[in-house]
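Right, one structure below, let's go through it.
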Amino acid sequence: GQNIDQPTEMTATEGAIVQINCTYQTSGFNGLFWYQQHAGEAPTFLSYNVLDGLEEKGRFSSFLSRSKGYSYLLLKELQMKDSASYLCAIRSNDYKLSFGAGTTVTVRA
Amino acid sequence: SAVISQKPSRDICQRGTSLTIQCQVDSQVTMMFWYRQQPGQSLTLIATANQGSEATYESGFVIDKFPISRPNLTFSTLTVSNMSPEDSSIYLCSVEAPGMNTEAFFGQGTRLTVV
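Here it is in structure tokens:
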């Protein structure tokens, strides 16, 4: 089974940086995903990590340490449109996704 | 990347009725999944839609309540049967495409309200 933990809420100022942590325990690991979800909409893919290290994609970066069961999503140069829920998800060997409860990020002017 | 068309995008239904949600993919995919997101909560896997055989359901979900079809590699349906207000959720189709295993794609979702 999967156990995925991430903070419930985070608040940051426009232009700042925010780091969302995700810790997990899993019986089978086949990648970690980060999704962004605005209220009432479907999740949008942000990043994928399967090997240890940092993946950078524009203002968003994601890090993975498999030995520690730890990942983070880094959002730089925050914009108001980044206010959303961010979901950490673990893919198991049978390609099923297990999601964390999500972190609501509020960006303030 | 795979493009997923899911419909309807939203619906308001009377309790006791059933709704069938369709998921169409623009390319053949090996894996198709159905997820539910109840208000204020994260996504929960309902079942894996298997082509040519019965769907595989997760704990807490049964075929009588959520019958699923997958007649080919590009299409699946999920039916929410005998609905109650507790079934009000967003229902999402997800796929894994061959050679594209660095991303799991989601449809736009179906927002269901049962009154």
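If you read the sequences in order, they're chains A and B.
Numbers in the working numbering are just positions in the first sequence, counted from 1, shifted up by 4.
With the first letter of the second sequence counted as 1, position 24 gets the number 15 in the working numbering; the numbers rise by one all the way through.
Virtual Cβ for every residue (Gly too), placed ideally from N, Cα, C.
Since the model is a prediction, treat every value here as computed from it, not as a measurement.
- Any C-beta of chain B under 9 Å from that of A:Asp9: So, not an interface residue.
- Item | Cross-chain neighbours of A:Ala46 in chain B, by beta carbon under 7 Å | Neighbours of A:Ala46 on chain B, chain order: Leu83, Phe97, Gly98, Gln99 and Gly100.
- Tell me whether A:Gly84 is buried or exposed, calling it buried when 16 or more other Cβ atoms sit within 10 Å of its Cβ. For the record, residue 84 of chain A in the displayed sequence is Met; it is not Gly. Classification for A:Met84: exposed.
- A:Thr30 and A:Tyr74 look like a contact to me (Cβ under 8 Å); what is the Cβ gap, rounded to whole Å? No, A:Thr30 and A:Tyr74 are not in contact; Cβ-Cβ is about 12 Å, not under 8 Å.
- With a CB to CB cut of under 6 Å and the five nearest residues on each side skipped, what residues in its chain are close to A:Leu78? Here A:Leu78 has Gln23 and Ser65 as same chain residues with Cβ atoms under 6 Å from its own Cβ, once five neighbours each way along the sequence are excluded.
- Query: So, is the C-beta of A:Ala88 closer than 9 Å to a C-beta in chain B?
  - Reply: Closer than 9 Å: no.
- When the Cα of B:Val86 is compared with those of B:Val16, B:Ser9, B:Gln5 and B:Leu10, which residue comes out closest? Restricting attention to B:Val16, B:Ser9, B:Gln5 and B:Leu10, the CA atom closest to the CA of B:Val86 is found in B:Val16.
- Grab me the residues of A:His42's own chain with a C-beta within less than 6 Å of its C-beta, minus the 5 sequence neighbours each way, in chain order. These residues qualify, in order along the chain: Ala88.
- Query: Whose CA, out of B:Ala40, B:Ser75 and B:Asp78, lies closest to the CA of B:Pro62?
  - Reply: If we check each option's Cα against that of B:Pro62, B:Ala40 comes out closest.
- Output yes or no for whether 9 Å exceeds the beta carbon distance between A:Tyr90 and A:Leu58. Not a contact, by the Cβ cut-off of 9 Å.
- Task: Would you tell me roughly how many angstroms separate the C-alpha atoms of A:Thr17 and A:Gly62, rounded to the nearest one?
- Result: Using only the alpha carbons, I get a separation of about 19 Å.
- Query: Closer than 9 Å, CB to CB, is A:Lys100 near chain B or not?
  - Reply: It does; some Cβ of chain B falls within 9 Å.
- Task: Using a cut-off of 9 Å between C-beta atoms, extract the partners of B:Thr39 located in chain A.
- Result: Asp98, Tyr99 and Lys100, listed in chain order.
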